[in-house]
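Residue numbers (this note's numbering): 112 to 363.
Cβ coordinates follow ideal geometry from the N, Cα and C atoms, glycine included.
None of these values were measured; they are calculated from a predicted model.
So the structure is just underneath, and the comments pick up after that.
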Ligand SMILES: [Zn+2]
C-alpha cells in the first residue's frame, strides 16, 4: 500500500516541477530572441500576403495574361479581352523568316507545315481533288492592309470586319502555320462559305487530320469568329500545337 500512496505523490511532484520549468524558460529568453519574436508576425503576414497573391494568380490568371498581351492595335477602338483576345482573335507572333519556305511565288509557309501540306496536296490530287492554296503566311504588315483597307472599302466597323478577318497581330496566318484552301474546279467558292459544298472540302474533312491540318473556325466556334471552311491550320509539331493551345480550347 505505501507504494500506491507514493506513486501519486511522485507524479504530483513531477507535474509541479514541470510547471516550475515554464516560467524559468520564459525568464531565460534573451533580448535577441525577444526582438525576433517582434519580427515574426510581420514576416508571417508578408509570407501570407505573397502566398495569397500567388494563389489568386493561379486561380485568376487573366490579369497576368492581360499584362503580357500585345499592345492594342493602332486605329482600333477595341480592347484586348481578359484572355488576350481582340474581337475574338487570339494574339500571334510573326513566324521567323528562317522558318519560312516558299510553296509557290508569293506563297510562304513554315517549313514543317509546308512539308505536310505538300503531302496533303499530293494525296488529294491522287484522289482526283484539285486542292488549291489561296493564301498562306501573311506578315503583320500585309494583315494590316487586309484588315484596314478592306474595312474602309466595305465601310465596315472594326467589329464587323473582325468577324471575317483577324486584326494585325492576331492572325493565324502570321504564324506560318495557317492556309486558306480552295477547290480548283469551283473557284467561285474561293473564300466563301459555299466552299463547304465542294468536293475539296468534303475531301479535307475526311483526310486533313491525317496531315495534321485542322479547321480553325468551325461553324458555331466558341471563339466568336465567323465560320471559315477554307481556313485550316497545321498542328503537327509540338511548337505548332503550343502556338494554338488557347484557340483549341474554344474551337468547338
Ligand atoms: Zn485564312
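Checklist entry - If residue 291 and residue 342 are in contact, beta carbons under 8 Å, what's the gap, nearest whole angstrom? => result Taking the chain shown and counting its residues from 1, one reaches residue 291 at position 180. Taking the chain shown and counting its residues from 1, one reaches residue 342 at position 231. Between residue 342 and residue 291 the Cβ distance is about 5 Å, and since that is below 8 Å, they are a contact.
Checklist entry - What's the gap between the Cα of residue 162 and the Cα of residue 148? => result Locating residue 162 in the chain shown gives position 51, counting from the first residue. Locating residue 148 in the chain shown gives position 37, counting from the first residue. Residue 162 and residue 148 have their C-alpha atoms spaced approximately 21 Å apart.
Checklist entry - Excluding the five sequence neighbours on either side, which residues of its own chain have a C-beta within less than 6 Å of the C-beta of residue 361, listed in chain order? => result Taking the first residue of the chain shown as 1, we reach residue 361 at position 250. Cβ within range, chain order: 333, 334.
Item to check | C-alpha distance - residue 196 paired with residue 295, whole-angstrom precision | outcome: For the purposes of this step, residue 196 is taken as residue 85 along the chain shown, with counting starting at 1. For the purposes of this step, residue 295 is taken as residue 184 along the chain shown, with counting starting at 1. Distance between the alpha carbons of residue 196 and residue 295: 34 Å.
Checklist entry - Given that a residue counts as buried once 16 or more other Cβ atoms are within 10 Å of its Cβ, and exposed if not, what is residue 339? => result As a working mapping, residue 339 is identified with position 228 in the chain shown. Classification for residue 339: buried.
Next on the checklist: Can you tell me which residues form a DSSP beta bridge with residue 246?
Outcome noted: Within the chain shown, residue 246 is the residue found at index 135, counting from 1. Looking at the DSSP assignment, residue 246 forms a beta bridge with 291.
Checklist entry - Does the pairing of the stretch 198-207 with the stretch 273-282 give three or more beta-carbon distances under 8 Å? => result yes
Item to check | Closer than 8 Å: residue 330 CB and nearest ligand 1 heavy atom | outcome: Counting from one through the chain shown, the residue named residue 330 turns up at place 219. It does not: the Cβ of residue 330 is nowhere closer than 8 Å to a heavy atom of ligand 1.
Checklist entry - So which residues put a beta carbon under 5 Å from any heavy atom of ligand 1, going in chain order? => result 291, 342
Item to check | Residues near residue 302 by beta carbon distance below 7 Å, same chain, minus five either side | outcome: For this step, residue 302 is matched to residue 191 along the chain shown. The answer, listed in chain order, is 245, 291, 341.
Checklist entry - Mind pulling the alpha helix (DSSP H) runs of 4 or more residues that sit fully within the stretch 326-357? => result 349-354
Item to check | Buried or exposed by the 16-neighbour rule on C-beta atoms within 10 Å, applied to residue 160 | outcome: The residue given as residue 160 occupies position 49 in the chain shown. It is exposed - the Cβ of residue 160 has fewer than 16 other Cβ atoms within 10 Å.
Checklist entry - Whose C-alpha, out of 272, 321, 331, is nearest the C-alpha of residue 187? => result Residue mapping note: residue 187 aligns to position 76 of the chain shown, counting from 1. Ranking 272, 321, 331 by Cα distance to residue 187 puts 272 first.
Next on the checklist: Taking the alpha-carbon of residue 297 as reference, which of 225, 209, 193, 243 has the nearest alpha-carbon?
Outcome noted: Counting from 1 along the chain shown, the entry for residue 297 is found at position 186. Among 225, 209, 193, 243, the Cα nearest to that of residue 297 belongs to 243.
Next on the checklist: If we require 4 or more residues per run, which alpha helix (DSSP H) segments fall completely within the stretch 255-313?
Outcome noted: 269-275
Checklist entry - Could you give the residue range of the beta strand (DSSP E) that holds residue 213? => result Within the chain shown, numbered from 1, the residue matching residue 213 stands at position 102. Segment 211-215, the beta strand (DSSP E) holding residue 213.
Checklist entry - CB of residue 192 to nearest heavy atom of ligand 2: below 8 Å? => result Ligand 2 is not part of the structure shown, which contains ligand 1 as its ligands.
Item to check | Integer Cβ distance of residue 336 from residue 249, believed to fall under 8 Å | outcome: The sequence position of residue 336 within the chain shown is 225, counting from 1. The sequence position of residue 249 within the chain shown is 138, counting from 1. Not quite, the Cβ-Cβ distance comes to about 16 Å (not below 8 Å), so this is no contact.
Checklist entry - Which value, in whole angstroms, describes the spacing of the CA atoms of residue 327 and residue 164? => result Along the chain shown, read from residue 1 onward, the residue named residue 327 stands at position 216. Along the chain shown, read from residue 1 onward, the residue named residue 164 stands at position 53. Approximately 35 Å, taken between the alpha carbons.
Checklist entry - For residue 310, which option in 204, 239, 171 has the closest C-alpha, if you only look at C-alpha atoms? => result Residue 310 sits at position 199 when you count from the first residue of the chain shown. Cα-wise, what sits closest to residue 310 is 239.
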